[in-house]
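Student: What follows is a structure written as structure tokens; I'll ask about it next.
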Amino acid sequence: TSKDKPWDLILSYAKTRIPSFENISNLSMNSDCTQVVVPEEVFFTIAIAGILENLLVLIAVIKNKNLHLPMYLFICSLSVSDMLVSLYKTLENTLIILCKMGYLTSRGDLETKIDDVMDSLFVLSLLGSVFSLLAIAADRYITIFFALQYHNIMTLNRALIILAVIWAFCAGSGIAMTIFSHETATVISFTILFPFMLIFILCLYIHMFLLARSHAKKIASLPTSAGPQRVNLKGAITLTIFFGVFLCCWGPFLLHILLMKFCPLNPYCACYMSIFHVNATLILCNGIIDPMIYAFRSPELRSTLKKMFCCTRFCKSSSKAWQTLQRLRPGLHWAGGGRVEST
Numbered sequence: 013t014s015k016d017k018p019w020d021l022i023l024s025y026a027k028t029r030i031p032s033f034e035n036i037s038n039l040s041m042n043s044d045c046t047q048v049v050v051p052e053e054v055f056f057t058i059a060i061a062g063i064l065e066n067l068l069v070l071i072a073v074i075k076n077k078n079l080h081l082p083m084y085l086f087i088c089s090l091s092v093s094d095m096l097v098s099l100y101k102t103l104e105n106t107l108i109i110l111c112k113m114g115y116l117t118s119r120g121d122l123e124t125k126i127d128d129v130m131d132s133l134f135v136l137s138l139l140g141s142v143f144s145l146l147a148i149a150a151d152r153y154i155t156i157f158f159a160l161q162y163h164n165i166m167t168l169n170r171a172l173i174i175l176a177v178i179w180a181f182c183a184g185s186g187i188a189m190t191i192f193s194h195e196t197a198t199v200i201s202f203t204i205l206f207p208f209m210l211i212f213i214l215c216l217y218i219h220m221f222l223l224a225r226s227h228a229k230k231i232a233s234l235p236t237s238a239g240p241q242r243v244n245l246k247g248a249i250t251l252t253i254f255f256g257v258f259l260c261c262w263g264p265f266l267l268h269i270l271l272m273k274f275c276p277l278n279p280y281c282a283c284y285m286s287i288f289h290v291n292a293t294l295i296l297c298n299g300i301i302d303p304m305i306y307a308f309r310s311p312e313l314r315s316t317l318k319k320m321f322c323c324t325r326f327c328k329s330s331s332k333a334w335q336t337l338q339r340l341r342p343g344l345h346w347a348g349g350g351r352v353e354s355t
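This note's numbering applies: residue 13 is where the sequence shown begins, and numbers increase by one.
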């Protein structure tokens, strides 16, 4: 039975319970389709990589004062969300290992409490991602349509207050959805909230891009505004990439949730559920892809990351060697392109 499986230290799946990674995959047993299984080592590796990448982004923003802007605060919020889902899977893998080794039982009170905490963490990460994307969208909207008033509207303190409200709401919702997961109202809110939020963000994007071009033409005659406008539009494009990646990575999982709630015994739905491990892998990949987008789209952040990596022993040794060479021959200077010239 499923109770004999090592991953079943999580609570058994109830009809309306929001399940965790492994419970949710057990429903695919109703299908004749072969279940696609991704090794736990792959999950663990991707999760650790996601944690490290997003941690680098957070450190880079903290170190560089030029990045202490509302936009980057919202990006940090998205990074924290990505870290949480990676942390969730890392903790789950650790519990699976402990269960295999016999240190944990499958139905103990401690395991039940741990499961509730992990479920809350997972819901928190999902809510955090959606609301962080919404905050970034609102920030980009203001920069495009209220460019001259942006610094008065979106101050650093207001951005911090917005994030505090977002995470307080997400934390409360995560706990509530876990405690009242057996209630029908919880399931309805869970299945309606995310599509509604995603549709709202999508409408905001459409409105943004439909009017951005005409707005840019109106201020194109102002030389001082042309540069900032291009930057704002670039930020909007970056946001669109975030949104697209989020849909690709989380969409299959959310579809899995809907099918699990409304047609768990249907053979076609169950066949889709057989690829749950693939959907779970996509969620973890989101935490790896987002930091790459930050680094690729933001020269300032990319430069900061390069400087951080350049603090290795090799770079320090190279720097000391160059300083020594300059002391011996003061006329030397770096000409670029790998050339050293003397004056």
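For each residue, glycine too, the CB sits at the ideal point set by N, CA and C. All of these numbers come straight from a predicted model, not from anything done at the bench.
When the Cα atoms are used, what is the spatial distance from leucine 294 to lysine 75?
Tutor: Rounded to the nearest angstrom, the two C-alpha atoms are 30 Å apart.
Student: In three-state terms, what does DSSP make of serine 176?
Tutor: Looking at the sequence provided, one finds alanine at residue 176 rather than serine. It is helical.
Student: Find the nearest neighbour of valine 49 within the set Arg314, Phe308 and Ser286, judged by alpha-carbon distance.
Tutor: Of the listed residues, the one whose Cα sits closest to valine 49 is Ser286.
Student: I need the straight-line Cα distance from leucine 146 to methionine 113, nearest angstrom please.
Tutor: Taking the straight line from one Cα to the other gives about 43 Å.
Student: Pull up the distance between the alpha-carbon of serine 258 and that of leucine 90, whole angstroms please.
Tutor: At residue 258 the sequence reads phenylalanine, which differs from the serine that was named. Looking at the two C-alpha atoms, the distance is approximately 11 Å.
Student: In or out: arginine 170 buried (at least 16 other Cβ within 10 Å) or exposed?
Tutor: Flag for arginine 170 reads exposed.
Student: Does the contact criterion of 3 or more C-beta pairs under 8 Å hold for the stretch 136-143 versus the stretch 177-193?
Tutor: The stretch 136-143 is in contact with the stretch 177-193.
Student: Specify the secondary structure class of histidine 80 as computed by DSSP and reduced to three states.
Tutor: Looking at histidine 80 - three-state DSSP - the assignment turns out to be coil, as it is neither helix nor strand.
Student: Can you grab the Cα-Cα spacing for the pair glutamate 195 / isoleucine 58, in whole Å?
Tutor: If I take the Cα positions, the gap works out to 33 Å.
Student: The alpha helix (DSSP H) that contains serine 315, what's its start and end?
Tutor: That run of the alpha helix (DSSP H) goes 311-321.
Student: Can you give the Cα-Cα distance for cysteine 261 and asparagine 164, rounded to whole angstroms?
Tutor: Each residue's alpha carbon lies about 35 Å from the other.
Student: Whose C-alpha, out of Phe158, Asn278, Leu214 and Phe143, is nearest the C-alpha of leucine 85?
Tutor: Checking every option, the nearest Cα to that of leucine 85 belongs to Phe143.
Student: Could you say which of Leu214, Asn105 and Ile187 lies nearest to leucine 251 if we only look at CA atoms?
Tutor: When each option's Cα is compared against that of leucine 251, the closest is Leu214.
Student: Alpha carbon to alpha carbon, how far is threonine 198 from leucine 266? Give it in angstroms, no decimals.
Tutor: Answer to the nearest angstrom: the Cα atoms are 15 Å apart.
Student: Short of 8 Å in beta carbon distance, which residues of its chain neighbour tyrosine 365, apart from the five on each side in sequence? Order them along the chain.
Tutor: The requested residue 365 is not part of the displayed model; the chain covers only 13 to 355.
Student: Beta-carbon within less than 8 Å of leucine 296's beta-carbon, same chain only, minus the 5 sequence neighbours each way: which residues are those?
Tutor: Here the set comprises Phe55, Ile58, Ala59, Gly62, Val97, Ser98 and Lys101.
Student: Skipping 5 residues on each side, what residues in its chain have a beta carbon closer than 7 Å to that of lysine 27?
Tutor: Note on lysine 27: pLDDT 33, under 50, position unreliable in the model; the coordinate value appears next. Once the five neighbours on either side are set aside, lysine 27 has no close Cβ partner at all.
Student: Which value, in whole angstroms, describes the spacing of the CA atoms of valine 69 and aspartate 44?
Tutor: Spanning the two alpha carbons is a distance of roughly 44 Å.
Student: Short of 8 Å in beta carbon distance, which residues of its chain neighbour cysteine 88, apart from the five on each side in sequence? Order them along the chain.
Tutor: So the qualifying residues of the chain are Val69, Leu70 and Val73.
Student: Can phenylalanine 254 and isoleucine 148 be called in contact, C-beta distance under 8 Å?
Tutor: Yes, these two residues count as a Cβ contact at 8 Å.
Student: Using beta-carbon positions only, say whether isoleucine 187 and serine 141 come within less than 8 Å of one another.
Tutor: No, Cβ-Cβ distance for isoleucine 187 and serine 141 is not below 8 Å.
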